[in-house]
Structures are given as structure tokens and as C-alpha cells.
Amino acid sequence: MVFSSFAFLLLFMSITVLLHWVLPAKWRNPFLLLVSLIFYAYGEQIYTVVMLVTIGVDYLAGLWIGALEQRPDRQGLRRAVLIGTVILNLGSLCFFKYTNFLLQTVSDVFGYTVSLLKVAMPIGISFYTFQNLSYVLDVYAGRTRAQKNFIRFATYVALFPQLIAGPIVRYVEVEEQLVARRVDPEKMAQGIFRFCVGLAKKVLLANQVGLWASQVQELRSVQDDVLLAWLAALMVTFQIYFDFSGYSDMAIGLGHMLGFDFPENFHYPYEARSITDFWRRWHMTLSGWFREYVYIPLGGNRHGKARQVFNLFLVWFLTGLWHGAGWTFILWGLYFFVLLVLEKFVWGRFLDKAPAFVGHLYALFFIVIGWVIFFAEDLPSLGQWLAALAGAGAGVGTQGLYFALTHALPLLAMAVGSTHLPRLLFGKVKEKCGVRGGFALCALGTVGLLLLSVAFLEADTFNPFLYFRF
Amino acid sequence: MDHTKLEKTENVQAKEPNLKRVSFWFSLVFFLVLLTVGLLCFILPQETFSENENRVLSTFRPSDFSGLGDEHFQEDFESFLTDQFPGRENLVRLSSGLKYATGTRDIGGVYAGRNGRLFLQVTEKDASAGKWEDREAALNAFLDAFPELQTDLILVPPASALYAGELPAFAYTFDYPARIGQARAFARTKDNLNLIEVESALQNAKEQGQNLYYRTDHHWTFYGARAAYCAYLEQLGRTPAAGDALPVSEDGDFYGTLASKSMLPVDPDRLQYSLLPEGCTATADGKEIAVYHPERLEGKDHYLFFFDGNHAQMELHGKGQGSVLVVKDSFANAFLPFLLSDFETIHVIDLRYFSESLAEYLSAHPVDRVLILYETGNLLTDLHFTKIAFGLN
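Heads up: the protein sequence lines correspond to chains A and G, in order. Each residue of the first sequence is one higher than the one before, starting from 1 at the first, in our numbering. Each residue of the second sequence is one higher than the one before, starting from 471 at the first, in our numbering.
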């Protein structure tokens, strides 16, 4: 089930939040677990079993590792349990996500024809695998204690708001909330506001600009020029930000409705002044996860520059691979590795001293090129896209002008919308309205955004047939 | 990052305990309203057909819950909710209005042009060169199978060619001149094919102030069809008997297919028609039908006025001489009534619905000549045209 579906908006969300609200505290976790499993099984059917097995394995592993903590003589076993669990988790992720990519690569390189597996990737597996690993690793490192209550642990993993698209919530961040949380009306109202803002970002902005991007890409397949190439690059840049941050907003908002505080995932990433800065603002829970569980355990920057560069390389190779099974994604990760290393050791100092606008332009340019790598279908089309951006295509045709002209206003709005300005402005207006007036303003805005989002969702399904039905 | 916000909320809470009550009621009402709307989809009488979309809507019966856990359940259930959502069409109108207001000029596959004129968006990708070649191959097989039979081809220009000035600025369409050029080159290689170019005739009619295409529908009007009809008869070396026919009547409030597709707020069209000539009979798929269907002017799609829409096969008996077979799309529906004054027998085949062999049909119903009439974009996007070569080898 996705948040931007009517089944979720009209039925699942309202029933879940209302029942969770009225239930006695001790019934809340079992209830949340149950509805989360329904949420998942509704779209994924049999793959729910994969998640349940993962939950079971990690629950037992956590208990085992926790129990061995006080046994200095059994540290070898404890380590072995950890390694085994990590391998099981990553093995399941790799099997579902990367098997076909590997088979394809092998067949491309060696010229065999390998038949691909008929497995679909269980939705959210990249997210919940990382959540589970955070738990097992933290128990091992003694940062938290093993969760003895199975329902509580299963609720953490399966929790529907962040199950399928993040944020990646570390176990330690919600540990206490799993035991005791208050469903507070004010927090709930805030959650509703946040959810609707996220929904609007997804439906009104991301879906629309995504549609235009695909129209522009279709045109580019017939005749390419520099304007179309840049329009496409800009459009996917906005699409992924509003899509992903919108989904995170919805997850955080839903968390508030259920009494949870999930970590923030985006902090105006397109306001970054460097690529280093960008990655402190983009998908923060993922970069935080890699820092915490890969970069620092590998030694981070404590073992000399060469080792640091290698650590960075590994982190960014994995980050690329995490985003998808494909060479463009790996290239995308390594692209950031190169930029980050260059910033760390070559031009970072100059960048810090340069005027702000230089930093912004520099960062934006490389961010946009990054999304071109990310969205390119394969390496040859990436080459064509980059060449077209550099002006290697035909002269500017009228199609690009059409898109530039008809979508100038929304694109400008999205540019402003990805900065902190709207929030600042809205905050000022809200302040003027007083406390209750401010609330009324938020409520009205929320209802308006929801109505427009529903209208756009309806319009997406509006499919007239010109001719008689067969 | 959101600590400032949280702190603020807490401060506010301390100062203004009332916000708690407001929040409580707001949240409660918010979810209850959503739930009610969801339940209304079940409770309200379910609509089974959407006139604007010309399609069957998804419905739901309690027994359908037995499919829960099915792979398709999610999809089916979602289309039920979206199709039965209260006020659905008004919401779509709201979204189209907002899209238009913020600058978008192609909505639901329709260009919103100037002077309230809507255009079907057919891009080069939709109607590219390769598609012409497929159709040319099928037509070639047909022409070779009937070397003695004279075939005329009318490729109706798209509205965007005649009303290019009313398209949104820089709007892109498929390369109509290029496709006509290909058709011309092909016709030169075939002795029994004559491409009748009607664009200049339409252009002349337009310059006389006639509106040739509906503003809200993808079809041509009485005047558009009449101009093409005159050009056709003149090519045959005959005087068009209905060449000066005038519309006897005009019917208002026709919101055509393009208005339905885009759901933009536009002024309705008026459908002009003449009832000439009187006393002609027609059969469609073996059943007798009227040529004109005034009752359709009361309904949604006024263009059904002609022959009650499309039929796989029709046989018309007119007041003129000779016989012709017309292979056509729906553009011919407004065009055929003119031919009734000039031909005695008119066979009509719509390949989109005709599932038999055209060659066999022609053997059973010999005709003097053949006319293929399609709107150019339709011909290039419609897959069924290649059926013209069915049963030929």
C-alpha cells in the first residue's frame, strides 16, 4: 500500500489512527504490528513471510548476543553470532535485490545466456534490513540492550509509516517510544499538517514534474537538444527531492499521529554550499547509517589518509549499490566519492572561503549532474544525456521552448519550494495570526492541500476512451 | 533540525492550553471525514458508466472481499475507490483548472489552445515515420490484390495543421507534412491509387470564415466534411450534388471528446447538420438504421447524430449513381451523408470493428471504386488499419 492511494488515505490511515488512539496503551503495539502486517501483505502478499523470518532471526540473534555479553569466555561465539546474523540479513537483501543484476553482468561479460530468476524485490527490504542491522549491531556494541518482548521488536521493524521508504529509524532512536508513548492531540494535529504537506509534495509536485520529465525524455528520444537535456535534468532533480522528502514528511507525520518521533531525513539539501554539505542534508538517516555502521567501524579518518580514502570509497560504493542494482547507481555513488575526496583534500578550503553564491552554484551543478547519472537508464544513454547537456545535440528546437514556457511557473515555484523560504514566510504569517489564528491557518492550508492532492490523484486515473469500447 | 519547532510547540502548549482542545477536535473530525468519504464510496449507489470517459467504471460488491490477498485485489480495489469517489469529475475539473492556471497547456493528452480551441495531442513518437511504413505495406498488398479497382485516399489534415495559429505557443505535434509527403510518393508508384489532397480546399473554406473542426471535439464539422466532399467529387470529375448544401439546423451545448479528456472549462460547440437528401436508407451490420439520429443531440456525444456512431459494416442507399466502398474512421461519419446525393450504393467498412476479410467482402459486393478516408493522426496511431490486407496473400 502506498500513502498516496485512496485505500490508505480514506480507510487504512483513518481507521488505524483512530483505533490506536482509543486503545489502552498495552494493546497499542500488538495492534500496530497487526495493521503494519496487513499494510505490507496487502501489496506484497507472500513476501511478508520474508520480513517475518528476518524479524524472527534478528530477534533471536539480539537475545543471544545480549545473553553472551556477560560471558568473557564466549566472546568468540558472540562475534560469530553477529557475523552470521549480518550475513543472513545482507544475504537476503542481496538475493532479492542483486541476484539478477549479477547474473546479467556475468552473462554480459562472459557472453553466456543466463536465465534470470523470477523474483521480485520485496518492497522496503532495503530499509528494514538496515533497520534490523542497526539493532543487532547496537546490541553487540552495547549501545542498547536486547529487546526481550517480541511484539515490541516486531513492531519496530514492521512499523508501517517508515517501512517502505524510510526514514531509516535506528532502534535506539525509538526504543523508549516503543515502551511508552503518549498519543497527544497537539502532536497528532502537527502530524496531520506534516502528512498533508508531504502528500502535496508527492502528488502536486513530484508526480507532475515526473510526468513532464518523462514527456521531455520521450521528446529527447526523437530529437535531442541542449535545452531539452537541461530541462530533463532539472525536472528529475525536483522530482526526486519532492518525491522522497514528501514521503519522509508523510512518514514523520504518521509517526506523530501514533505518538512517535522519527528522525528528520532532509534539511533543504538544494541549499547546500558543497557536496559534503549536501550529504549532510540529503537522506540524512541513510548517510548517518553508513557513517555509524560502516565508516566509523572501518576506522574512519583515524588510520591515515590512504585508509580514509579507501573507507570513503567503500561507503560510497555501497551507497550507490544500495540505491539500485545497476551500474549507473554504482557510478553515481563513486561520483560522489570522487567529489567528496576532492573537497576534503583539494578544494574544500577554497570553497569555504569563497562567497556563498559560488558554493551554491558549485554544489547545485554537481547535484544536478549527479541526478542525471542516477536517472539515466543505462551507461550509453547517460553518455548521450551528458553530451547533450554540454551542447553536443541539435540546435534548440521549439519543443524545449514549449516546455520552458508552459512549465516556467511551476518550476520556479519548485525552486523556491526546495529552500527554507516558504517555511520562513509561512512562519511569519502564522506569528501575525496569533496562536489560535496560526492553528486555523495551518488547518485550512492542510485541508486545501489535501483536497488538491485528492483532485490530482483523481485526475491521474481519469482515462477517457475516445472510441467505442471493444 | 526540528528542535526549534518542537520547542516552540511546547512553549505554545504552556501558554495556551486551549490549543489542545482545538487539536483534539481538528484531528478527530479530520479522520472521521476521511473515513466517511471512504465509506460513502461503498454506501452511495455505485456508478457503472462514465459518459465523459466513455468507459465502464470499477464497482465493488461485498463478495469481492473474498479476493483479498489476491495479487490484483490492490489494483482493483484502488480503481473502485477512485472511480466511485464522491464528486470525482469536479475534482478532475479542479485539477485541470489549476494546471491550466499555472501554465500547463497539455492536459490529459489535449492541447489547450487559443480561442477556446482544444487539440488532440499526437506527437512524433505517436505517429512516427515507421508507423506510416506499416500502413503503406498493408495498403500496398490491398492495391496489388485489386489492380483493376480504383482506390482514392483522403488523409484528413489534423486540426493542428489547419489551426496552427491557435495551438499553444511552440506546441509540438507529429510531422504531418512529412507523412503526407510519404503518402504522395507512395501514390505515385501505384497506378490504382489516387491521393486526394483536401488541405487546400479546407484552407479555402476556412478563409471564408467557416469553422472546420469542433473546438471541443476531435472531429471535423459540417463545413470541414463538406469542403473535403467537394474536393473528392471534383477529383472524380463530377459535380458535387450536395456541394451547396447548408446546415438546416444547429444544435447547442455539445461538449466533445476533447472537453471530456481535458476536463477544462470551455464553451460548448454547436453541431450543424443538414437532413439532405431525404428518403435514404441504411443498414448497419445487417440491421436497418436511420442515417440521422436527432435523439443523440439530447445526449452527451452529439457526433453520434450521424449513423448512431461507428459500425463494423454499413450499406447506404443514396440518390446518385454508381457504387463506392468507403474504408474509414469516424471522420467519415460526418462526410458520408453528402455522398448520398451522388452514389446509389455506398458500402462502409470500419476496420476497427470489422473482423472479416475485406477482400472477401469486396468479392461479395463488387463496387465501382474504393475510398479510404482517415484523419492522418488516426491512421498513424490506429493499429487496425493493417487489417485492410487480411486474407490477402
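C-beta atoms are modelled at their ideal positions from N, C-alpha and C, and glycine is treated no differently.
Check	Outcome
Residues of chain G with CB under 7 Å from A/M188, in chain order?	S493 and S497
One question on the structure: do A/V119 and A/F96 come within less than 7 Å of each other, judged by their Cβ atoms?	yes
Do G/F824 and G/A859 come within 7 Å of each other at the CB atom, strictly closer than that value?	no
Of the choices G/N681, G/L551, G/V794 and G/L538, whose alpha-carbon is the least far from that of G/R839?	G/V794
Short check: CB of G/L521 to CB of G/N585, under 7 Å?	Looking at the sequence shown, residue 521 of chain G is not Leu but Glu. No, the Cβ-Cβ distance between G/E521 and G/N585 is not below 7 Å.
Count the CB pairs spanning the stretch 8 to 16 of chain A and the stretch 496 to 514 of chain G that are closer than 8 Å, and state whether there are at least three.	yes
For G/A804, which residues of its own chain have a beta-carbon under 8 Å away from its beta-carbon, when the five flanking residues on both sides are left out?	H689, W690, T691, F692, G694, A695, Y773 and F776
How about A/I168 and A/T285: are their beta carbons less than 7 Å apart?	yes
Under 7 Å, Cβ to Cβ, is there at least one residue of chain G near A/G434?	no
Rounded to whole angstroms, what's the CA-CA distance from A/A61 to A/N132? Just pull it up for me.	11 Å
In angstroms, rounded to a whole number, what distance separates the CA positions of A/H256 and A/S214?	35 Å
Against A/P410, what residues of chain G qualify as contacts under a CB-to-CB distance less than 7 Å, listed in chain order?	T572 and G573
Determine the extent of the alpha helix (DSSP H) in which A/L452 is found, giving its start and end residues.	G434 to D460
By the three-class DSSP mapping on this structure, what secondary structure does G/F692 have?	helix
Strictly below 7 Å CB to CB, what residues from chain G border A/Y42?	Q544
Within 7 Å (strictly less), CB to CB, does A/Y241 reach chain G?	no
Could you name the residues that DSSP lists as bridge partners for A/N301?	Looking at the DSSP assignment, A/N301 forms no beta bridge with any residue, so it has no partner.
Using three-state DSSP, classify A/S115 as helix, strand or coil.	coil
Just to confirm the assignment, what range does the beta strand (DSSP E) spanning A/F475 have?	Residue 475 of chain A is absent from the model: chain A starts at 1 and stops at 470.
So is A/E271 in contact with chain G if we call contact Cβ pairs under 7 Å?	no
G/F446: buried (16+ other C-beta within 10 angstroms of its C-beta) or exposed?	Residue numbering for chain G in the displayed model covers 471 to 863; residue 446 of chain G lies beyond these limits and cannot be assessed.
So who's on the other strand from G/E758, going by DSSP bridges?	G/T753
If contact is defined by three or more beta carbon pairs under 8 Å, each pair taking one atom from either stretch, is the stretch 426 to 445 of chain A in contact with the stretch 601 to 612 of chain G?	no
How many Å lie between G/M471 and A/H267 at the Cα?	Summary for G/M471: the model assigns pLDDT 41, below 50, so the residue's position carries little reliability, and this model does not support an answer.
If I'm right that G/V458 touches G/A715 with Cβ under 8 Å, what's the distance once you round it to whole angstroms?	What is shown of chain G runs 471 to 863, which leaves residue 458 of chain G out entirely.
Does the Cβ of A/T155 have 16 or more other Cβ atoms within 10 Å, making it buried, or fewer, making it exposed?	buried
Less than 7 Å between C-beta atoms, sequence neighbours within five positions excluded: which residues of the same chain meet that for G/E594?	F644 and D645
Quick one, which residues of the stretch 632 to 662 of chain G are near chain A if we go by CB-CB under 9 Å, in chain order?	P638, A639, F640, A641 and Y642
If you run the structure through DSSP and keep just helix, strand and coil, what is A/G191?	helix
How would you call A/F456, buried or exposed, if buried means at least 16 neighbouring beta carbons within 10 angstroms?	buried
What is the residue span of the alpha helix (DSSP H) that G/T621 lies within?	Not the alpha helix (DSSP H): G/T621 falls in the beta strand (DSSP E), residues Q620 to V626.
Would A/Q308 be called buried (16 or more neighbouring beta carbons within 10 Å of its own) or exposed?	buried
Identify the residues that DSSP records as bridge partners of G/P784: which are they?	Position check: residue 784 of chain G holds Met in this sequence, whereas Pro was assumed. Its beta-bridge partners are G/A754 and G/V818.
Less than 7 Å between the C-beta atoms of G/T621 and G/L590, yes or no?	no
Tell whether a beta-carbon distance below 7 Å holds between A/R281 and A/P269.	yes
What does the alpha-carbon distance come out to for the pair A/A404 and A/A200?	23 Å
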